[in-house]
Structure formats: C-alpha cells, structure tokens
Amino acid sequence: MDTLLYDWPPSPLSCTLDVYRRDPMRSVTVREARENLRELLDACEQGEEILVERRGKPIAKLTGLAPEPLESRASLRATLPAASGSAADLVRAIRDEERS
11 MDTLLYDWPP
21 SPLSCTLDVY
31 RRDPMRSVTV
41 REARENLREL
51 LDACEQGEEI
61 LVERRGKPIA
71 KLTGLAPEPL
81 ESRASLRATL
91 PAASGSAADL
101 VRAIRDEERS
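Whatever position you read off the sequence shown (first residue = 1), add 10 for our numbering.
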C-alpha cells in the first residue's frame, strides 16, 4: 500500500485496498495539518500514516521514516580473539566449577 499513489478519482482497485486495510488511514485538511503539525508528526513517529487533503482531494501522505540500519559489527568481531573451544564445552566447564 505504501507505493500506491493517490489519484483522483480513485480507481476501484485503490478503493478496494483502502477498504481492507487493517488500520484506516486518518485524513486531515491542509488547515488541520497546519494547526496540528506537532501532533501529526508525533503520530507519524508512532507508525501512523496520515493523508492530507485539499478540497476533499488527497494531495500528500505523511509517514514516519524507517529506522536507520545498524552499523556492521564485522570490525568489532575482527578484534576479538578466536574461541579456543566450543560454547558448549565452556558452559560445561563453568557448570562443573560451580558444582565442585
């Protein structure tokens, strides 16, 4: 649904997709968007999508940004010493030390 562009009048397919959305998209007028921008941005941060309309026609969609990808840990792993044995052997050794 994110890639669907809103054109007017809407095609039957886009209407069908909107009807079956689990969370209907909230729509606001340009004036409401201007007056409540902070609240709308907070809602977008929480994952909500908001449709902005002018004279009843959709003109924009507000959505939150995708989180930035985590940086690679490859350089950190390269600095760690190689394991001398398996993790299972290490757990067994620790367990045996605690029992003794």
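Even for Gly, the Cβ is constructed at its ideal location relative to N, Cα and C.
Predicted model only: the values in this text are computed from it and were never measured.
Exercise. Any idea what DSSP makes of T89, helix, strand or coil?
Worked result: helix
Problem set entry | Secondary structure, beta strand (DSSP E): runs of 3+ residues fully inside the stretch 37 to 76 | 60 to 64, 67 to 72
Problem set entry | Cα-Cα separation between L47 and E55, rounded to whole angstroms | 12 angstroms
Exercise. So, are the CB atoms of V38 and L51 less than 9 angstroms apart?
Worked result: no
For this session: Can you have a look at A92 and say buried or exposed, based on whether 16 or more other CB atoms are within 10 angstroms of its CB?
Result: exposed
Problem set entry | Straight-line gap, R83 to A76 (C-alpha atoms, nearest Å) | 21 angstroms
For this session: Select from A53, D106, G66, P34 the residue whose C-alpha is nearest the C-alpha of V40.
Result: G66
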